[in-house]
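**Q**
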Amino acid sequence: MSGVQSASGRLRPRTALGAVCGLLAAFAGLAAAQVAAAVIRPEASPVTAVGGAAVDRTPTAVKEWAVRSFGTADKTVLTLGIVVVLALVAAGAGVLAVRRTRAGMAVAACFGLVGASAALSRPGAAWQDALPSVLGGLVAAGVLYLLVRALNRPLPVGASPGGAGLMDRRGFGRLVLGTAAVSAGAWYAGRRLGAYGSAGATASRAGLVLPAPAVPAPPVPAGAQARAPGVSPFLTPARDFYRVDTALVVPRVDAGDWRLRIHGDGVTRPVTLDLRELLARPLVEHDITLTCVSNEVGGPYAGNARWLGVRLADLLREVGVRPPSQGGRADQLVARSVDGMTIGTPVEAVMDGREALLAVGMNGEPLPFAHGFPVRMVVPGLYGYVSACKWLNELRLTTFAAYDAYWVRRSWARQGPVKTQSRIDTPRAGAEPAAGRVVVAGVAWAQHRGIARVEVRVDGGPWHGARLADSDGDDTWRQWLWPWEAAPGRHTVEVRATDRTGAVQTGERRGTVPDGATGWHAVTVHVRAADTVRSAAEPGGRAVH
Ligand SMILES: Nc1nc2c(c(=O)[nH]1)N[C@H]1C(S)=C(S)[C@@H](COP(=O)(O)O)O[C@H]1N2
Ligand SMILES: [Mo]
11 MSGVQSASGR LRPRTALGAV CGLLAAFAGL AAAQVAAAVI RPEASPVTAV
61 GGAAVDRTPT AVKEWAVRSF GTADKTVLTL GIVVVLALVA AGAGVLAVRR
111 TRAGMAVAAC FGLVGASAAL SRPGAAWQDA LPSVLGGLVA AGVLYLLVRA
161 LNRPLPVGAS PGGAGLMDRR GFGRLVLGTA AVSAGAWYAG RRLGAYGSAG
211 ATASRAGLVL PAPAVPAPPV PAGAQARAPG VSPFLTPARD FYRVDTALVV
261 PRVDAGDWRL RIHGDGVTRP VTLDLRELLA RPLVEHDITL TCVSNEVGGP
311 YAGNARWLGV RLADLLREVG VRPPSQGGRA DQLVARSVDG MTIGTPVEAV
361 MDGREALLAV GMNGEPLPFA HGFPVRMVVP GLYGYVSACK WLNELRLTTF
411 AAYDAYWVRR SWARQGPVKT QSRIDTPRAG AEPAAGRVVV AGVAWAQHRG
461 IARVEVRVDG GPWHGARLAD SDGDDTWRQW LWPWEAAPGR HTVEVRATDR
511 TGAVQTGERR GTVPDGATGW HAVTVHVRAA DTVRSAAEPG GRAVH
């Protein structure tokens with residue numbers, strides 16, 4: 011240990027090298043864990059497990075802030091945050107290990123335990139899920155020991171003018187490079203192995219041929235799309251469809267392995283179905299707009315798709331379920347996913363005649379993995395968090411009094427009927443249209459009630475009726491358009507909708523928690539005087555917009 015006590019000039023590089031040892035040990039541990047997770051379950055890798063546990067425990071207010079600030083990138087931000095914290099602790103453990111090797115190793119091992127307990131805390135976890143983190147912690151501790159021992163090993167006396175305490179630089183350097191190379195190799199192998207593990211699922215999706223619907227949806231009316239540049243496409247392509255879930259790794263379920271178990275209160279004939287049996291049933295095609303309770307007024311978490319699926323009400327009736335209005339015992343249908351999500355839906359809503367679906371198809375294709383392959387629920391008129399369970403594998407009949415599903419335990423309301431909302435897609439906030447005719451257009455939704463009227467006003471003036479695009483039924487959003495004769499200056503345009511029950515969208519501003527935001531979407535624009543367009547062409551004028 012004489013090196014530690016020698017000139018201070020030698021302390022600093024040694025501290026830095028200790029940090030390198032710590033970081034490398036962590037990398038080696040993560041790589042080993044990655045290989046183990048690829049074999050056991052991708053979600054069981056330590057970073058994903060800690061991230062998932064963090065998602066489960068993050069207070070709803072913080073989660074809503076993250077969704078607002080980072081949108082769908084919130085998961086990447088979370089993962090990066092975990093990696094940064096891990097790197098800092100690993101570097102610290104390495105520095106510590108130079109002086110107190112056992113203590114540094116203990117920190118590394120403890121981190122494995124943190125990962126393991128996170129993995130075990132995830133819904134639906136099995137004991138094996140702890141193994142990747144335990145292995146990772148042990149590998150990290152072992153690698154740290156080897157690296158630090160090499161770092162601290164003095165040169166043979168007389169071999170260096172510096173004397174004892176100077177490490178064998180070449181031996182240490184070789185060990186560092188070797189460890190880095192082996193870890194990188196293991197990391198890569200883990201990734202490949204992970205991809206190989208889901209290759210069956212990928213192939214099962216590619217090979218899935220969806221039967222034709224017994225009840226096809228009528229074609230979308232040509233006039234359902236408002237003809238204004240900048241307005242959302244009426245049907246949202248799957249790749250642009252918003253995604254909201256707690257999954258840090260998208261579950262990739264093999265269609266051949268998929269099973270759905272239906273059981274619980276009032277189920278006289280519990281069943282377990284496979285996909286072949288599900289697809290043998292008559293399929294219904296229906297256009298439904300899905301919206302998220304976390305959507306701010308004017309926000310992007312709404313999408314419209316043509317779904318193909320099995321009528322859930324028929325299936326429930328077959329297994330003996332009756333809705334509460336017909337004396338049924340259960341008032342809550344709890345859907346569970348392969349990743350342990352639970353979503354509670356009113357049985358009454360599912361069985362009241364609306365097209366509540368066990369969906370297998372989205373816009374003519376099998377569901378994308380990110381949107382719930384092979385089977386998810388979709389119920390018109392309810393927010394996704396109380397209706398749209400993806401990667402579904404269990405339906406359990408119970409009561410709202412007896413059971414709170416995942417989001418309800420996190421301060422969201424038990425019941426989540428969609429609130430009437432309208433959104434201005436064009437012009438965008440901060441746009442600078444030229445004075446004169448400006449087309450204001452967007453979408454409005456009140457699923458299962460339908461949209462009867464949309465109105466627009468400027469600067470708090472009188473409301474003007476917007477032109478409604480053709481309706482594709484009450485379960486989808488409706489597009490609208492209002493030609494505005496815009497005068498130069500700064501203006502705020504607002505929109506509100508009226509549903510087919512006659513209820514006008516409330517202007518009262520409320521946040522997303524606990525049951526969906528309310529208020530009118532407002533967009534402020536700067537209308538350019540018509541002559542600025544002309545002056546742009548003049549010498550010295552601004553460049554053309
Ligand atoms: N398994 C699972 N299903 C889920 C969720 C989830 O986190 N996990 N999120 C729900 C929420 S809050 C919404 S809004 C919809 C979103 O569906 P999408 O990602 O296909 O747009 O999925 C619902 N189904
Ligand atoms: Mo949601």
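Residues 11 to 555 (the working numbering) are what the sequence shown spells out, left to right. Beta carbons are placed, not taken as given, at the ideal position from N, Cα and C, and that holds for glycine.
Which of the three DSSP states, helix, strand or coil, is assigned to V466?
**A** Taking the sequence shown and counting its residues from 1, the one referred to as residue 466 is at position 456. Strand.
**Q** Taking the continuous beta strand (DSSP E) assigned at P356, which residues delimit it?
**A** Residue mapping note: residue 356 aligns to position 346 of the sequence shown, counting from 1. P356: member of the beta strand (DSSP E) spanning T352 to P356, first to last residue.
**Q** Taking the continuous alpha helix (DSSP H) assigned at L285, which residues delimit it?
**A** Counted from its first residue, the sequence shown places residue 285 at position 275. Start and end: L285 to L289.
**Q** Would you list the residues sitting across from I600 in a DSSP beta bridge?
**A** An answer regarding residue 600 cannot be provided, because it is not within the stretch 11 to 555 covered by the chain.
**Q** Since A312 sits in a beta bridge, which residues does DSSP pair it with?
**A** Start at 1 with the first residue of the sequence shown, and residue 312 comes out as number 302. Assignment of beta-bridge partners to A312 by DSSP yields T301.
**Q** Between the region 398-418 and the region 462-474, do at least 3 Cβ pairs fall closer than 8 Å?
**A** no
**Q** Could you pull the start and end residues of the alpha helix (DSSP H) that A209 belongs to?
**A** What you label residue 209 is simply residue 199 of the sequence shown in a count that begins at 1. A209 -> alpha helix (DSSP H) spans A209 to A216.
**Q** Could you check what DSSP says for W487 in three-state terms: helix, strand or coil?
**A** Your numbering for residue 487 matches position 477 in the sequence shown. Per DSSP, reduced to three states, the secondary structure at W487 is coil, with no helix or strand assignment.
**Q** Taking 7 Å as the cut-off, is the beta-carbon of V219 closer than that to any non-hydrogen atom of ligand 2?
**A** Taking the first residue of the sequence shown as 1, we reach residue 219 at position 209. No, since every heavy atom of ligand 2 falls outside the 7 Å radius drawn around the Cβ of V219.
**Q** With which residues is A444 paired in a DSSP beta bridge?
**A** Counted from its first residue, the sequence shown places residue 444 at position 434. Paired residue(s): R538.
**Q** Give me every residue whose Cβ sits closer than 7 Å to any heavy atom of ligand 2, in chain order.
**A** V254, C302, V303, S304, Y311, Y393, G394 and Y395
**Q** Go ahead and label S347 buried or exposed: buried means 16 or more other beta carbons lie within 10 angstroms of its beta carbon, across all protein chains shown.
**A** Your numbering for residue 347 matches position 337 in the sequence shown. With 16 or more Cβ atoms within 10 Å of its Cβ, S347 is classed as buried.
**Q** Report yes if the C-beta distance between R538 and P498 is below 8 Å; otherwise report no.
**A** In the sequence shown, the residue the question calls residue 538 occupies position 528. In the sequence shown, the residue the question calls residue 498 occupies position 488. The Cβ atoms of R538 and P498 sit closer than 8 Å to each other.
**Q** Whose C-beta lies closer than 6 Å to the C-beta of V144 among residues of the same chain, with five residues either side of it excluded?
**A** One-based indexing of the sequence shown puts residue 144 at position 134. Around V144: G122 and A126.
**Q** Can you check DSSP and say which residues form a bridge with G274?
**A** Residue 274 sits at position 264 when you count from the first residue of the sequence shown. DSSP output for G274 lists L407 as bridge partner(s).
**Q** With C-beta atoms as the reference, is M115 less than 8 Å away from A107?
**A** Locating residue 115 in the sequence shown gives position 105, counting from the first residue. Locating residue 107 in the sequence shown gives position 97, counting from the first residue. Against a cut-off of 8 Å, the Cβ pair of A107 and M115 comes out as a contact.
**Q** Output needed for A271: all residues of its chain with C-beta closer than 6 Å, excluding positions within five of it in sequence on either side, in chain order.
**A** The residue given as residue 271 occupies position 261 in the sequence shown. Per the sequence presented here, residue 271 reads as Arg, with Ala not at that position. Around R271, the same chain offers T282 and E404 as residues with beta carbons nearer than 6 Å, after the five sequence neighbours per side are excluded.
**Q** Please report the residue range of the alpha helix (DSSP H) in which T58 lies.
**A** The residue labelled residue 58 in the question sits at position 48 within the sequence shown. Taken as a continuous stretch (DSSP letters only), the alpha helix (DSSP H) holding T58 covers P56 to R67.
**Q** Does the CB of A248 have a neighbour CB from chain B at under 8 Å?
**A** No chain B appears in this structure, which consists of one protein chain only.
**Q** Please report the distance separating the alpha-carbon of R109 from that of N162.
**A** In the sequence shown, the residue the question calls residue 109 occupies position 99. In the sequence shown, the residue the question calls residue 162 occupies position 152. One C-alpha to the other measures close to 9 Å.
**Q** Taking the alpha-carbon positions, what's the G102 to T58 distance?
**A** Taking the sequence shown and counting its residues from 1, the one referred to as residue 102 is at position 92. Taking the sequence shown and counting its residues from 1, the one referred to as residue 58 is at position 48. Cα to Cα, the separation comes out at about 22 Å.
**Q** If distances are taken between C-alpha atoms only, which option among G81, Q44 and T70 comes closest to G521?
**A** Counting from one through the sequence shown, the residue named residue 521 turns up at place 511. The residue among G81, Q44 and T70 with its C-alpha nearest the C-alpha of G521 is T70.
**Q** Would A454 pass as a contact of Q431 if the rule is Cβ separation under 8 Å?
**A** Indexing the sequence shown from 1 puts residue 454 at position 444. Indexing the sequence shown from 1 puts residue 431 at position 421. Contact flag set, yes.
**Q** Give me, in chain order, the residues of the same chain whose beta-carbon lies closer than 6 Å to that of A63; leave out the 5 immediate sequence neighbours on both sides.
**A** Stepping through the sequence shown from its first residue, residue 63 is reached at position 53. Same-chain partners within the cutoff: A128 and S131.
**Q** Pick from R332, G188, T516 and A26: whose alpha carbon is nearest that of E358?
**A** Mapped onto the sequence shown, residue 358 falls at position 348. Looking at the Cα atoms, R332 is the closest of the given residues.
**Q** Using a Cβ-based criterion (distance less than 7 Å to any ligand heavy atom), does G313 qualify as near ligand 1?
**A** Position 303 of the sequence shown, counted from the start, is the residue given in the question as residue 313. Under cutoff, so the answer is yes.
**Q** What is the DSSP secondary structure of L220, counted as helix, strand or coil?
**A** In the sequence shown, the residue the question calls residue 220 occupies position 210. Three-state result, L220: coil.
**Q** Counting C-beta neighbours from all protein chains within 10 Å, is the total for P171 16 or more, i.e. buried, or is it exposed?
**A** Position 161 of the sequence shown, counting from 1, holds the residue named residue 171. Any reading at P171 must be qualified, since the residue scores a pLDDT of 48, below 50, and its modelled position is unreliable; the value itself is stated next. Exposed is the call here.
**Q** Is G266 helix, strand or coil by DSSP?
**A** For the purposes of this step, residue 266 is taken as the residue at position 256 of the sequence shown. Coil, per DSSP.
**Q** By Cβ distance below 6 Å, which residues in the same chain neighbour V225 in space, the five residues on each side in sequence not counted?
**A** Residue 225 sits at position 215 when you count from the first residue of the sequence shown. Closer than 6 Å at the Cβ level, and outside the excluded window around V225, lie V294.
**Q** Label G274 either buried or exposed according to how many other C-beta atoms from any shown protein chain fall within 10 Å of its C-beta, with 16 as the threshold for buried.
**A** Your numbering for residue 274 matches position 264 in the sequence shown. Buried, since its Cβ has 16 or more Cβ neighbours within 10 Å.
**Q** When you compare only the Cα positions, how much space is there between G470 and T508?
**A** Start at 1 with the first residue of the sequence shown, and residue 470 comes out as number 460. Start at 1 with the first residue of the sequence shown, and residue 508 comes out as number 498. Taking the straight line from one Cα to the other gives about 18 Å.
**Q** In angstroms, rounded to a whole number, what distance separates the CA positions of A26 and S208?
**A** Residue mapping note: residue 26 aligns to position 16 of the sequence shown, counting from 1. Residue mapping note: residue 208 aligns to position 198 of the sequence shown, counting from 1. The alpha-carbon atoms of A26 and S208 are separated by roughly 40 Å.
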